[in-house]
Each structure stands twice: as structure tokens, then as C-alpha cells.
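J.: Residue numbers (this note's numbering), protein chains in the order written: chain Z, 1 to 110; chain L, 111 to 221.
Submitted below is the structure of interest, expressed as C-alpha cells.
Okay, structure coming up:
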């Protein structure tokens with residue numbers, strides 16, 4: 001069966017520090033991969049999505065970047081975090097139809 | 111990017127009551143999905159509707175896709191405390207492999 005792993009679960013980082021969040025999928029090949037950010041108790045904002053290795057589509061201009069070095073690995077990065085980068089980050093995969101989400105990373109920038 | 115407006119944003123009712131959550135847009139979607147999310151966790155897919163006018167039932171939950179594929183509703187009958195959570199609708203843009211989410215409806219069912 002397919003599973004999605006996202007880590008870490010929580011992260012507290014100082015302003016100006018770098019960021020790397022990793023997401024991996026098991027049990028499927030060539031999935032579409034997504035990074036969303038969610039404000040407290042609200043809807044999800046699409047940040048990046050990828051339909052294949054090395055293919056990244058950016059939805060919102062921001063302080064973040066994404067990479068897909070392997071078929072089932074999706075990484076969200078920042079060189080210098082801002083306070084406004086705080087939020088709940090969710091990775092998801094799909095092969096058409098519904099999305100399967102990871103358990104999320106709660107990022108607090110202090 | 112297409113927008114989805116969800117209403118109400120917050121809803122608190124007593125156990126046993128019925129409720130409806132709405133998801134509206136001025137744009138057409140290829141499909142409409144509903145998710146439920148618990149605090150600190152990722153959303154979990156409840157249903158996907160694809161055809162205009164389609165109705166799907168999941169126990170006490172009834173989902174409907176509008177005839178023009180621009181809107182959807184979620185109806186819960188005899189709500190129970192276990193139904194408490196954040197309900198999110200999401201639309202798939204035609205020709206695009208991505209979902210746009212509504213703002214969510216925070217539902218609280220009081221015993």
C-alpha cells in the first residue's frame with residue numbers, strides 16, 4: 001500500500017536560518033507531488049507541485065523553493081526564513097483523483 | 111487561479127441536528143473533492159464527485175456536485191460529536207493537475 005512520510009513533525013527556527021523539509025512516498029511510481037501551507041484552522045494554499053523528477057511549478061512568489069531529486073522525494077527549502085514563513089506545511093501525492101496528505105510539519109519562526 | 115468560497119466558516123450545533131456546508135465558485139471544475147481534517151493532522155479524503163448533478167452518500171453524509179460543476183454541498187444528518195472537525199472542499203482546475211482549496215468550515219457538534 002502507498003504511504004507518505006513527512007518530517008519533522010514540529011520545527012522551531014530562528015529568523016534568517018535555512019529550512020529543509022522532506023517528504024517521501026512509498027508504494028507508487030511517478031506520483032504528482034505537492035507542497036501546501038495552511039494558516040491556523042483555515043484552507044490550504046498551494047506552494048509548489050511537481051509532475052516528475054526535476055519538474056517544479058511554483059504557485060506563489062515567496063521565500064521558499066522546492067526540489068524533486070528523486071521520483072518519490074519532494075523537498076521544501078529556504079535559504080533565510082522570515083517570520084511570515086511560520087505555518088503548517090503539508091505534503092501530498094496524487095495520481096489523478098484524491099490526494100493523500102502527510103501528517104504535516106508545524107514550523108514556527110522566532 | 112480559481113477560487114472556492116466555503117460557507118459557513120464556523121458552525122456549532124447540537125448532536126442530532128442536520129447541517130449543510132456549501133462550496134461555491136464562479137468557475138467550472140473537473141472534479142470536486144471533500145476532505146476532513148483533525149487538528150495537527152493532514153486532511154483525509156472523504157469523497158470525489160466528477161459529474162454535474164452527481165450525488166454520493168457516505169453513511170450520514172451526502173455530497174452533491176452542482177449541475178454546472180461550479181458548486182458543491184455537504185449535508186450531514188443526525189450529526190454526532192465524532193463529526194467535529196475542519197471540512198475542506200477542493201476543486202481540480204480543468205487541464206491542471208492541482209487542487210484549489212476552500213477556506214474550510216470548522217464544525218463543532220455538541221453532545
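Quick reminder that beta carbons are idealized off the backbone N, C-alpha and C, glycines included.
#1: Can you tell which of L/218, L/137, L/215 has its C-alpha closest to the C-alpha of residue 178 of chain L?
#2: On the three-state DSSP scale, how would you describe residue 191 of chain L?
#3: How would you write the range of the beta strand (DSSP E) that residue 181 of chain L sits in, first residue to last?
#4: Determine whether the beta carbon atoms of residue 89 of chain Z and residue 105 of chain Z lie at a separation below 9 Å.
#5: Which residues bound the beta strand (DSSP E) around residue 211 of chain L?
#6: Determine the DSSP secondary structure at residue 83 of chain Z, reduced to helix, strand or coil.
#7: Going along chain Z, which residues have a C-beta under 8 Å from residue 213 of chain L?
#8: Distance cutoff 9 Å, beta carbons only. Does residue 66 of chain Z sit that close to anything in chain L?
#9: Using DSSP with H/G/I as helix, E/B as strand and the rest coil, what is residue 154 of chain L?
#10: I want to see whether chain Z comes within less than 9 Å of residue 210 of chain L, judged by CB atoms only; does it?
#11: Could you tell me which chain L residues have their CB closer than 8 Å to the CB of residue 49 of chain Z, listed as they occur along the chain?
#12: Quick one: which residues of the stretch 69–103 of chain Z get their C-beta closer than 7 Å to a C-beta of chain L? List them in chain order.
#13: Counting only beta-carbon separations shorter than 9 Å, does residue 154 of chain L have a partner in chain Z?
#14: What does the alpha-carbon distance come out to for the pair residue 22 of chain Z and residue 126 of chain L?
#15: Measure the CB-CB distance between residue 10 of chain Z and residue 76 of chain Z and report whether it falls below 9 Å.
#16: Does residue 202 of chain L pass the burial test, meaning 16 or more other C-beta atoms within 10 Å, or should it be called exposed?
#17: Let me know the alpha helix (DSSP H) ranges lying completely inside the stretch 8–38 of chain Z, each 4 residues or longer, listed in chain order.
#18: Decide yes or no for the touch test of the stretch 153–172 of chain L against the stretch 51–60 of chain Z: beta carbon pairs closer than 8 Å, at least 3 of them.
T.: This is what the structure gives:
#1: Checking every option, the nearest Cα to that of residue 178 of chain L belongs to L/137.
#2: Reduced to three states, the DSSP call for residue 191 of chain L is helix.
#3: Unbroken beta strand (DSSP E) run through residue 181 of chain L: 181–186.
#4: Cβ distance < 9 Å, so residue 89 of chain Z and residue 105 of chain Z count as in contact.
#5: In the DSSP assignment, residue 211 of chain L falls within the beta strand (DSSP E) that extends over 209–211.
#6: Residue 83 of chain Z falls in the helix class under three-state DSSP.
#7: In chain order: 42, 43.
#8: Judged by the 9 Å Cβ criterion, residue 66 of chain Z is not in contact with chain L.
#9: DSSP places residue 154 of chain L in strand when its eight states are reduced to three.
#10: Yes, residue 210 of chain L counts as interfacial toward chain Z.
#11: Near residue 49 of chain Z (Cβ distances below 8 Å), the residues of chain L are 207, 208.
#12: Under the 7 Å Cβ criterion, the stretch 69–103 of chain Z contributes 90, 97, 98, 99, 101, 102, 103.
#13: At least one C-beta of chain Z is nearer than 9 Å to the C-beta of residue 154 of chain L.
#14: Each residue's Cα considered, the two are about 42 Å apart.
#15: At the C-beta level, residue 10 of chain Z and residue 76 of chain Z stay beyond 9 Å of one another.
#16: With 16 or more Cβ atoms within 10 Å of its Cβ, residue 202 of chain L is classed as buried.
#17: With a minimum length of 4 residues, no continuous alpha helix (DSSP H) run stays inside the stretch 8–38 of chain Z.
#18: These segments do not touch.
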